[in-house]
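The structure appears below as structure tokens.
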Amino acid sequence: MTRDIQLFDSKSKMKRLLTPRVPGVIDLYVCGMTVYDRCHLGHARVMVVFDMIVRVLRAIGYTVNYVRNITDIDDKIIKKAHESNRLWTEVVDQYIDAMHEDERALGVVPPNHEPRATEHIQSMIQMIQSLMDQGHAYVAEDGDVYFNVRSFDRYGELANQNLETLYHQARKSLSSAKHHALDFILWKQAKPGEPSWPSPWGEGRPGWHIECSAMSKALLGPSIDLHGGGIDLKFPHHENEIAQSECSAQCAFVNHWLHVGHVLIDDEKMSKSLGNFVTLDELFSLYHPEVIRYLLLSSHYRSPVHYTKELLIASQRSLSRLYGALKQVSATQIDQQACKPFYDALLDDFNVPQALSVCFKWAGEIFSASSRQVIDTGVVAANLKHCLGLLGLCQMDPASFLQDEHHLSIDVEVIHRAIADRNEARLNHDWATADAIRADLLAQGVVLEDVAGETIWRKA
Ligand SMILES: [Zn+2]
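In my numbering, each residue's number is its place in the sequence shown (first place is 1) plus 1255.
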């Protein structure tokens, strides 16, 4: 028996009842990482939010087929391999291992399938061929294959913009080879020395957008219930996925689109390309990974998270309060009826902040009862632990979590700035300043190490 859940669909821009095509079974595809560096907090938010969504859907009776892909071939991967004089496959393997390590630390349950793009090249070639056969794609003069956006009437529906408006925004990016500024690449000709695969259009590799359309179809079929990713993927990536999938299969691609808000630093999106990111391994050396999980879940998934040191400290305190309540009393039998307000919050578009407020009310009841030593709050503790478990929180032994509370009193941003200042001092042969910066960080519990021309830091 499944429970009804209202979900915001970012295509129709309204909350709608989730109605799976097969009753009780939900197919979910989430756009995953391009593996060329360590994951930062923005990546973690997508991982953790969909982990919560899958846990909740399973807890209310659905079978969820969760696919999250890995983009393991891309210009950035090739560049990284070239720079570090390694094979591209070595770069990919290194960062997939690092991503899995970060996920385990965050308590993220692995997806049912985690396809790598390079395992599905044949499906991509088949989809491109079908687009060519139906007149939706063309080979440009330079030999690359493009999708013809004017061949698809509904192009722009997800972005809620017409082709004309999008065209004016995109004009600057018009390359000489493609016919329309919004046309996007499906198959790229290989440059000498680059990894490539044989295709009807010569040796080359797939464009990024076709990867998700092809892998989603290969693993879940041409139509799926839920498709998710970061809000920055809405246009053009997801718009392009719709165009490819619907033109090749002639059926609706996705029932519900779910987009997760950005992690912002100083009101700007945290991203690798902007260079304003904090990696997870850095954060884990300062905070218990569960504090990071709490921080990422405590805002509504569609709202932005404004990353600050204060928010990290507040998350640490909140989590300690919940664990502190669980430490007061042994949990007995849960009371399903009493858990209704918690479930009701989640069944309304995964309103985690509302659900957490129910948990804090229970924590308050436990603290006040234990201070007056009156009523037995074993049932409240059982409800609290059960409900937090749905969010993947507070399942450790409370005493061990509370012992591990110690953290550095310095912000990652401050460490980054100090390293940059020290590098500048070293460039200017100002060794006294460089040494003073290093000593100052050490006094705050941070060790700097100069490895292969790069400065890395760790907790002392
Ligand atoms: Zn995708």
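Using N, Cα and C, we set each Cβ at its ideal position, and we do this for glycine too.
Bear in mind the structure is a predicted one, so any value in this text is a computation, not a measurement.
{"query": "Considering F1539, what are the terminal residues of the beta strand (DSSP E) in which it resides?", "result": "Taken as a continuous stretch (DSSP letters only), F1539 belongs to no beta strand (DSSP E), being part of the alpha helix (DSSP H) at L1535 to F1539."}
{"query": "A1372 and P1461 look like a contact to me (Cβ under 8 Å); what is the Cβ gap, rounded to whole Å?", "result": "7 Å"}
{"query": "Expressed to the nearest angstrom, what Euclidean distance is found between the alpha-carbon atoms of L1566 and D1348?", "result": "33 Å"}
{"query": "Going by DSSP, name the residue or residues bridged to K1714.", "result": "V1701"}
{"query": "Thinking just about the alpha-carbon of each residue, which of K1266, P1559, A1654 and D1705 is nearest to the one in R1677?", "result": "D1705"}
{"query": "Would you list the residues whose beta-carbon is nearer than 5 Å to any heavy atom of ligand 1, in the order they occur in the chain?", "result": "C1286 and C1467"}
{"query": "Is M1256 buried or exposed, if buried means 16 or more other CB atoms sit within 10 Å of its CB?", "result": "exposed"}
{"query": "To the nearest angstrom, how far is the alpha carbon of D1695 from that of V1303?", "result": "35 Å"}
{"query": "Taking the straight line between their C-alpha atoms, what separation do you get for H1391 and K1331?", "result": "28 Å"}
{"query": "Exposed or buried, T1534, counting other C-beta atoms within 10 Å across all chains shown (16 or more means buried)?", "result": "buried"}
{"query": "Could you tell me the alpha carbon to alpha carbon distance between A1272 and D1259, rounded to whole angstroms?", "result": "First, the amino acid is wrong: residue 1272 is Leu here, not Ala. Looking at the two C-alpha atoms, the distance is approximately 7 Å."}
{"query": "Can you give the Cα-Cα distance for S1554 and R1681, rounded to whole angstroms?", "result": "42 Å"}
{"query": "Using the rule of at least 16 other Cβ atoms within 10 Å of the residue's Cβ for burial, across every protein chain shown, is C1649 buried or exposed?", "result": "buried"}
{"query": "CB-CB under 8 Å to P1384, same chain, minus the five flanking residues each way: which ones, in chain order?", "result": "Correcting the residue identity first, residue 1384 is Gln in this sequence and not Pro. So the qualifying residues of the chain are P1455."}
{"query": "Using the three-state DSSP reduction, which class does T1257 fall into: helix, strand or coil?", "result": "coil"}
{"query": "Only counting the same chain, and skipping five residues up and downstream in sequence, which positions put a Cβ closer than 7 Å to that of A1593?", "result": "N1638"}
{"query": "Would DSSP call E1369 helix, strand or coil?", "result": "coil"}
{"query": "For the candidate residues L1538, D1292 and L1529, whose alpha-carbon lies nearest to that of D1352?", "result": "D1292"}
{"query": "In the DSSP assignment, find the beta strand (DSSP E) that holds L1386 and state where it starts and stops.", "result": "Segment I1376 to D1388 is the alpha helix (DSSP H) holding L1386; no beta strand (DSSP E) there."}
{"query": "Per DSSP, which one or two residues make a beta bridge with W1442?", "result": "V1400 and P1461"}
{"query": "If you compare alpha carbons, which of W1343, E1412 and H1435 is closest to H1423?", "result": "H1435"}
{"query": "Looking only at C-alpha atoms, which of D1536, L1513, Q1381 and P1450 sits nearest to Y1350?", "result": "D1536"}
{"query": "How about I1520 and N1531: are their beta carbons less than 8 Å apart?", "result": "yes"}
{"query": "In terms of residues, what are the limits of the alpha helix (DSSP H) holding Y1422?", "result": "L1418 to A1425"}
{"query": "Taking H1514 as part of the beta strand (DSSP E), name the residues at either end of that continuous run.", "result": "V1509 to V1515"}
{"query": "DSSP state of L1481, grouped into three classes?", "result": "strand"}
{"query": "Use the C-beta contact count for E1358: other C-beta atoms within 10 angstroms, 16 or more gives buried, fewer gives exposed.", "result": "buried"}
{"query": "Given that a residue counts as buried once 16 or more other Cβ atoms are within 10 Å of its Cβ, and exposed if not, what is R1300?", "result": "buried"}
{"query": "At which residues does the alpha helix (DSSP H) containing N1495 begin and terminate?", "result": "E1494 to A1504"}
{"query": "Can you give the Cα-Cα distance for P1544 and P1366, rounded to whole angstroms?", "result": "20 Å"}
{"query": "Between K1266 and the rest of its own chain, which residues show a CB-CB distance below 6 Å, the 5 nearest in sequence each way excluded?", "result": "L1413 and W1512"}
{"query": "Can you give me the start and stop residues for the beta strand (DSSP E) that R1271 sits inside?", "result": "M1269 to L1272"}
{"query": "Under 7 Å Cβ to Cβ from T1688, same chain only, skipping five residues before and after it: list those, please.", "result": "A1680"}
{"query": "Can you tell which of V1560, K1616 and I1328 has the C-alpha that lies nearest to the C-alpha of R1576?", "result": "K1616"}
{"query": "What does the alpha-carbon distance come out to for the pair L1703 and L1551?", "result": "28 Å"}
{"query": "Determine the direct distance from the alpha carbon of T1632 to that of K1524, and round the result to whole angstroms.", "result": "43 Å"}
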